[in-house]
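Report on the following structure.
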Amino acid sequence: MRKPYVVTISSEKGGVGKTTLAINLAVYLKALNEDLPLTLFSFDNHFSVERLFRIGKQGDRGDVSGLFTGRLPEELLELGEYGVQFIPSCRRLDELPEVREAAADRVARSLAASHLGGIVIIDTRPTLDILTRNALCAADLVLIPVKDTPSLENCRNLYDFCQSQGIPKKALRLLPCLIDSRIRFKGPFADAYQLLKAYAINRGYRCMEGFISKSPKVESLNTNPEGRIYPILTHGRGTNVHRQFAHLARQIMLAAKGCETYRVDSIRQQQLRQRDKEHALRQRLENLLPNCLVCDRLLEVPPDGERDFFYGETADGRICGYLEENCFTDLVFRHFYQTRRQVDNDNPLRELFRESSERSYFVLRLNQEETDGSGLQFCFYRFDEQGLEISRKSFELKTFENRFLSREKTRLFRLMERAGLLDNPSTKDFLLIRRMRGLIAGEALPESHYAAFRQVMNEVAARLPKNLPPSSALADLSGTAAVHQP
Ligand SMILES: Nc1ncnc2c1ncn2[C@@H]1O[C@H](COP(=O)(O)OP(=O)(O)O)[C@@H](O)[C@H]1O
Ligand SMILES: [Mg+2]
98 MRKPYVVTIS SEKGGVGKTT LAINLAVYLK ALNEDLPLTL FSFDNHFSVE
148 RLFRIGKQGD RGDVSGLFTG RLPEELLELG EYGVQFIPSC RRLDELPEVR
198 EAAADRVARS LAASHLGGIV IIDTRPTLDI LTRNALCAAD LVLIPVKDTP
248 SLENCRNLYD FCQSQGIPKK ALRLLPCLID SRIRFKGPFA DAYQLLKAYA
298 INRGYRCMEG FISKSPKVES LNTNPEGRIY PILTHGRGTN VHRQFAHLAR
348 QIMLAAKGCE TYRVDSIRQQ QLRQRDKEHA LRQRLENLLP NCLVCDRLLE
398 VPPDGERDFF YGETADGRIC GYLEENCFTD LVFRHFYQTR RQVDNDNPLR
448 ELFRESSERS YFVLRLNQEE TDGSGLQFCF YRFDEQGLEI SRKSFELKTF
498 ENRFLSREKT RLFRLMERAG LLDNPSTKDF LLIRRMRGLI AGEALPESHY
548 AAFRQVMNEV AARLPKNLPP SSALADLSGT AAVHQP
């Protein structure tokens with residue numbers, strides 16, 4: 098076992114046997130496999146862990162609060178009796194600001210960063226506070242001791258919280274504890290154990306096999322003039338509770354060995370994915386050009402912030418930015434549909450283009466470098482949402498507008514310049530453009546939009562022909578022109 102298998106013992110009810118379970122399970126599990134590292138800590142402040150396991154005086158390595166302040170768990174360990182290692186408890190743990198403000202996965206992340214292997218047992222307080230939430234969040238197995246119906250009813254919140262954290266329901270197991278075998282009932286359920294088990298199953302809760310009896314011997318192990326706690330394994334042999342604990346420990350050992358994905362591992366994976374995503378988002382924001390890729394003016398933002406834009410990004414992702422809707426529409430009419438006059442705002446052609454552009458992706462890329470001095474040949478493609486080519490049109494990129502008095506660069510030329518397609522023209526590089534709804538100028542494309550965009554980008558990159566004959570084909574405004582096979 099590489100990462101630790103984490104067993105959290107939790108119940109919102111006090112006095113159900115959580116701490117007794119936690120400290121004794123540590124001893125029984127260690128006895129089952131001496132080579133298995135066994136780590137125990139408690140978020141409660143009664144120092145039972147120390148009373149059973151501490152050898153000699155407290156060291157100065159730290160305590161469980163370190164799990165919330167970035168210390169590695171292995172730096173906090175103290176080797177205790179029976180080979181059990183423990184992290185010392187902390188008196189006012191819940192009052193520390195680092196704890197109060199902690200995220201629910203803080204401890205899981207600490208454990209994921211550590212080299213602890215084997216099994217970790219976490220004892221919790223009888224409330225669903227931030228400490229308990231952290232203990233649950235890290236758990237592969239949540240043991241919930243129940244001793245009566247109220248404590249069983251109480252576990253609803255635990256189930257709800259675990260569900261919210263993606264912990265599967267089957268990871269939570271009820272264990273009837275402090276069962277007084279002298280109490281017998283008439284009817285189908287002979288004793289408290291049978292009754293609790295039936296209640297649990299009725300509510301869809303799973304149970305561990307067996308139960309823990311109430312035993313005066315066990316109670317006495319907590320109370321003695323030395324102020325120590327003695328383990329059931331060494332001081333309660335011959336009792337039912339000893340056999341019950343041994344059986345319980347074997348079940349847990351089997352579950353730990355059979356566990357395929359450790360919870361702390363999956364939390365770590367999740368974090369790495371999240372970090373990658375954040376990094377990619379920052380990178381995209383850095384690459385995002387602030388102005389319209391066509392006219393280079395500041396993007397117009399309406400009072401409510403959101404509006405439709407075209408979004409463009411180069412295949413290598415180095416350059417991305419927005420194109421004002423009108424700028425790109427005018428550009429398409431002028432250069433690719435070669436409409437002579439300005440297409441006014443109320444012209445139905447515009448509406449037609451808007452509609453079809455919602456189902457299209459546009460591509461601008463170098464076609465080939467002409468050697469006859471006529472300049473660069475480019476191609477304007479239109480793809481559908483699956484990345485299938487709908488139409489294409491080749492054109493020669495003109496640098497200047499035909500004006501009488503001024504020599505101004507064409508907007509198309511400027512767009513290609515901004516997209517970096519003219520620096521080192523290559524047929525591999527292209528600019529993909531897509532109409533996007535409700536975007537906020539200056540912000541990177543939302544993740545869901547971006548994932549779809551990049552997927553089409555990949556499809557398009559795979560389908561773009563290596564080199565084209567310099568023929569041209571007029572794109573059809575409806576977007577349903579015959580497909581040109583590469
Ligand atoms: N199997 C048992 N038989 C008798 N008394 C027990 C048993 N388990 C725990 N106790 C006693 O019950 C009390 C509460 O147990 P504890 O483990 O501290 O519960 P919790 O941690 O849920 O508050 C303690 O006094 C403990 O000694
Ligand atoms: Mg306790």
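The sequence shown begins at 98 in this note's numbering and counts up by one. C-beta atoms are modelled at their ideal positions from N, C-alpha and C, and glycine is treated no differently. Keep in mind it's a predicted model, so treat the numbers as computed, not measured.
In this structure, the CA atom of LYS314 is about 19 Å from the CA atom of VAL146. Residue environment: THR246 is assigned as exposed (fewer than 16 neighbouring CB atoms within 10 Å of its CB, all protein chains considered). For a cut-off of 8 Å, the C-beta gap from SER107 to ALA232 is around 7 Å, short enough to register as a contact.
Burial state of LYS490 is buried, judged by a 10 Å Cβ sphere holding 16 or more other Cβ atoms. No residue range can be given for GLN483, since it is assigned to no alpha helix (DSSP H) and is classified by DSSP as neither H nor E.
LYS490 sits in a strand when the DSSP states are folded into three classes. Contact between ASP405 and MET533 holds, with the beta-carbon distance rounding to 7 Å and staying under 8 Å. Cα atoms of MET305 and CYS274: separation of roughly 11 Å, rounded to the nearest angstrom.
For a cut-off of 8 Å, the C-beta gap from ILE276 to ALA289 is around 5 Å, short enough to register as a contact.
The beta carbon of GLU455 is closer than 6 Å to those of ARG532 in its chain, skipping five residues each way along the sequence.
The closest heavy atom of ligand 2 lies less than 7 Å from the beta carbon of LYS115.
Taking SER523 as reference, the option from CYS476, ALA549 and LEU509 with the minimal CA-CA separation is CYS476. Of the candidates PHE492, GLN439, ASP441 and PHE407, PHE407 places its Cα closest to the Cα of PHE550.
A residue is called buried once 16 or more other Cβ atoms fall within 10 Å of its Cβ, and SER207 is buried on that count. The three-state reading of DSSP puts ASN130 in coil, since its state is none of H, G, I, E or B.
Exclusion of the five residues before and after ALA558 leaves ALA412 as the residues of its chain whose Cβ lies within less than 7 Å of its Cβ. Bounds of the beta strand (DSSP E) holding PHE183 are 182-184. LEU275 has its Cβ nearer than 7 Å to a heavy atom of ligand 1.
Taking the Cβ of PRO223 as the reference point, at least one heavy atom of ligand 1 falls within a distance shorter than 7 Å.
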